[in-house]
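Residue numbers (the working numbering), protein chains in the order written: chain A, 1 to 515; chain B, 1001 to 1338.
In what follows, a structure is listed as structure tokens, so that the remarks can point back to it.
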Amino acid sequence: MLWPLFVLLAGSDEAAPSFAPLRAVEPWLLLARTLALTAAVLAVTLAIGLPMGLLVARTDTPGRRIALVAHAAPMFVPPLLPALGWFYLFGRNGLIGGEASAGLLFSDLGAVLVLGLTFAPIVTSLAALALWNVDPSQEEAARVVARPPRIVARILLPAILPAIALAAVVVAALTLSEVGAPMFLRVRTYAAAVFARLGGVDFAPAEAFVLLLPVLVVALALAAVERRSIGRRSFAVLGLRSFRSAPFALGRWRWPAAVFCWSVTGLSITPLLALGWRAGLRGFADLPLWIGGAVWNSLVPAAWAASAIVALGVVLGPLLSRRDRAATRLDLVALLAFVAPGALLGVGLAAIWNQPETAWVYQTSAIIVLGFVGRYAVVGVRTLAVACTQTPAQIEDAARVFGAGYLRTLAGIVVPLHWRAILGAWVFAMVFCLRDLETAVLYYPPGRAPLAVRVFTLEANGPEPVVAALASVQVLLTLALLGFALGAAAMRPRAHDDTSVRQRQPEFREHAGAL
Amino acid sequence: MRHPLQMLVAIALLVTAGACSERPPTKPEVVVYTSVDQVFSEPVFRRFEADTGVRVRSVFDTEETKSTGILNRLIAERANPQADVFWSGDPVRPFLLVSRGLVEPYTPTSAAGIPPAFKSAQGHWTGSAARARVLLVNRERLAGRRRRGPCAIWPTRAGGGRPPSPTRSTAPRRCMSPPGSQTGGDAEATRFLDALKANDVRIASSNGEVKRLVTSGEVVFGLTDTDDAFDAVKSGAPVDIVYPDQDAGGTLVMPTSVVLIRGAPHPEAARRLADYLVSPQAERMMVDAAAHMPLHADVATPAHVVPVARIRAMNIDYAALAAVMDRIQPQLRKWSGL
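Structural data, given as structure tokens:
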């Protein structure tokens, strides 16, 4: 991650780095506007995601689990796709659109709503996950003397604050770095401007890097907020506890809650369904002509990258969970890479790898894999760090005392204990790579455009039904992957998985000793 | 392996080796970078593949960075060129490659029928199916302003005058295209651009966006290319096309242009593709699919396509225009906001 950016900073023979762009007022105004947009998106996601998370995780709202799964779908696809879906509905010539709805959609407010609805499931999911894993003893004690609203306000919400903060950081990072949807909705954002700067007629990547510096400051601020306000709890709270409190009975509020829950779910999946509607039979019939090898071009690099990211997570996650200093610094770099405009990373990678000696990387999917790993390593590292925090470090220490080497400890303890987290990290990383647009779009190998890029390059002038069909394929591909993951996670657990890790600590120590 | 660092290195090597383990091509191939719309250019490549058996590996530009994204990639890759052919949507960008010594001169065998104005005598670029820069006008939005025409918003040159009806496919008399630095000087161009801003003119990110803005009625009219304009007409939107400056300086005509890259990995296949892209057969495909104007006189045009010979084309030196474009970039960036 750092290498490509240093190459850009060093400049080329044509474009020496200059801080002149930051002396103008326009970039700062644009950054302020982007931060305001990000804050508004954050507000929408929290306003939707928090109550939704509470309802699906801690109440007896009818159909809550199905609602959660359906509601979560948009967060796994590029935001450009829901934006396209809304356009097919509310564009001037959309199914139920008119001048007013088109005006609303193609405005700052429209961008906030589209991105807010797309990213709200991130808050919902993390809040629900945290709520499922809150220590039930405090809540059960509170139930004796307090009514549910008070328990929510005084016990549950404070307990899941780290998860909410983590969700906020993820939403802010994704909004700041998003390019496709704002460009489509004609809303100027900082990341889109950096992307356009890299596409400007006078090629000056060093200048684009200079424009990145304020974003890096924002990313550092986000990381600092996370570290200072949440600290170690950001890893500890999202465990995989096996026993939970009974859900709150909503009584007469049960059906109004269901209406809210399913309305939000409806809003989440409507744009995705609209893609299928717009594609129609014609779009899907023409698909073979236009899709080429795009699915394969998406899946192969994403699978390689996800495997590498998980491998990194298996190595760095345990170290990060124990607050190893080097791992903590690498985690910070990974977080910065996640927030930084992906196009810049892409140009830096091209500058490094397009040499005759390294053509075997630059001319193949390996260059995309490298970009994905640099950009999304944080997904694997954080997921594994969260999982490893749930197990005491003494288990690994004991193994080492008994002479197990590093690799054997990983293979004998870390991997078997955390196989579900590893699977989850792989799927999450794969999904992030599949939904990526801005990292690969400027440097994908000739003839190997991933599906998201193909949708992006065809979107402006391609036949709408075909573009909608391609987008639908992207959605179906992602959902199939998630379905596979859910199926794998639902497999009958082995004996040592179905009980709290902490409860079985002596057993693990024994296991480590045997190693 | 006894240390995490060793493990990280092993992971990096394994994954890179795995991702690189793609089979070498079994048949001849050619790499083309193009800023011609993917929806139009890809069928041409497919036909070339079917006719010649040469596999085409393509990189397409996005609408928002049209021409320049690909151009920048070509410049960035100059030390180790990956592309064999650059099929540009206009004849101006290739000169930025020429000035950097990245172009291999070549005159396609099919270029004989192309008028001299649309090809380089040195073989640096050869024009093919062309577009014109036109005004796309929304009839419904214009209804209340018909007496004044689109020039009510577009700044006029000194002297003003009565604008003609924008609904005819001929030029408004006084509603003229922007004076370039090439013709009117920097000062006049700056005044014109500032006047645009003062008139609350919206700066769109692409021709496709202009089309969407006009067809949706968000703006009364916009400056775009004929392919997008005809696409808007075909969609049934209440729009008309106006060729500006037909009784003055002429309308800007931009042929797509084919350029060979110096030091390209597949020079022979590149020449074959260049021959094909300049051929009447490829032009015919662009005429049918994208309403481009053919440059070969023997390529028939459907009723909705206006041949180049029937409009007054702006007499322009594309090389000089490219130099001006390069020079005024800082001012343009400042004007557009970043």
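Think of the CB as a built atom: it goes at the ideal place given N, C-alpha and C, for glycine as much as any other residue.
Per DSSP, reduced to three states, the secondary structure at GLY53 of chain A is helical. For ASN1138 of chain B, the enclosing beta strand (DSSP E) begins and ends at 1126-1138.
By DSSP's assignment, PRO1255 of chain B forms a beta bridge with B:ALA1130.
Annotated as proximal: LEU458 of chain A and LEU470 of chain A, with beta-carbon spacing under 8 Å.
Taking a beta-carbon distance threshold of 8 Å, SER1120 of chain B does not count as an interface residue toward chain A. Taking CB atoms only, GLY1069 of chain B has a neighbour in chain A less than 8 Å away. VAL1030 of chain B sits buried, since 16 or more C-beta atoms from the chains shown fall within 10 Å of its C-beta. Restricting attention to A:ALA67, A:ALA163, A:LEU174, the CA atom closest to the CA of LEU80 of chain A is found in A:LEU174. At a cut-off of 8 Å between beta-carbon atoms, SER1088 of chain B makes no contact with chain A. The Cβ of GLN355 of chain A sits closer than 8 Å to at least one Cβ of chain B. Here VAL144 of chain A is exposed. Its C-beta has fewer than 16 other C-beta atoms within 10 Å. One alpha carbon belongs to PRO450 of chain A, the other to GLN1246 of chain B, and they sit about 44 Å apart. Relative to the Cα of ALA421 of chain A, the nearest Cα in the group A:GLY403, A:THR439, A:ALA387 belongs to A:ALA387.
Sequence-ordered contacts of the stretch 380-406 of chain A with chain B read GLY405, TYR406 [C-beta pairs closer than 9 Å].
At least one CB atom of chain B sits nearer than 8 Å to the CB of MET183 of chain A. DSSP places ARG92 of chain A in the coil class of the three-state scheme, outside both helix and strand.
If you draw a straight line from the Cα of PRO1294 of chain B to the Cα of ILE1311 of chain B, it comes to about 13 Å. Rounded to the nearest angstrom, the gap between the Cα atoms of ALA1143 of chain B and ASP1240 of chain B is 12 Å.
If you check the CB distance, ALA83 of chain A and LEU185 of chain A come in under 8 Å.
Comparing alpha-carbon positions, the option among A:LEU335, A:ALA20, A:ALA398, A:LEU287 lying closest to ALA219 of chain A turns out to be A:LEU335.
Contact between VAL314 of chain A and HIS71 of chain A does not hold, since the beta-carbon distance rounds to 31 Å and is not under 8 Å.
Close to chain A, meaning a Cβ-Cβ distance shorter than 7 Å, are the following residues of the stretch 1201-1214 of chain B: SER1205, SER1206, GLY1208, GLU1209.
Contact annotation: LEU1223 of chain B and ILE1316 of chain B have beta-carbon atoms that are not nearer than 8 Å.
Bounds of the alpha helix (DSSP H) holding VAL401 of chain A are 394-401.
DSSP, reduced to helix, strand and coil, places GLY280 of chain A within a helical segment of the structure shown. Looking at the DSSP output, TRP1087 of chain B bridges to B:THR1034, B:VAL1258. Spanning the alpha carbons of PRO301 of chain A and GLY1217 of chain B requires a straight line of approximately 42 Å.
For ALA1264 of chain B, the secondary structure class from DSSP, reduced to helix, strand or coil, is coil. Around the CB of THR1026 of chain B, fewer than 16 other CB atoms lie within 10 Å, so the residue is classed as exposed.
In the three-state reduction of the DSSP assignment, GLU178 of chain A falls in the coil class. For SER137 of chain A, the three-state secondary structure derived from DSSP is helix.
The stretch 345-363 of chain A and the stretch 321-334 of chain A do not touch, with fewer than three beta-carbon pairs separated by less than 8 Å. If you look at ILE151 of chain A, you'll find it in the alpha helix (DSSP H) that goes 148-151.
Boundaries of the alpha helix (DSSP H) harbouring ILE122 of chain A: 108-132, taken from the DSSP string. CA-CA distance, VAL339 of chain A to ALA1117 of chain B, rounds to 48 Å. CA-CA distance, SER1257 of chain B to MET1314 of chain B, rounds to 17 Å.
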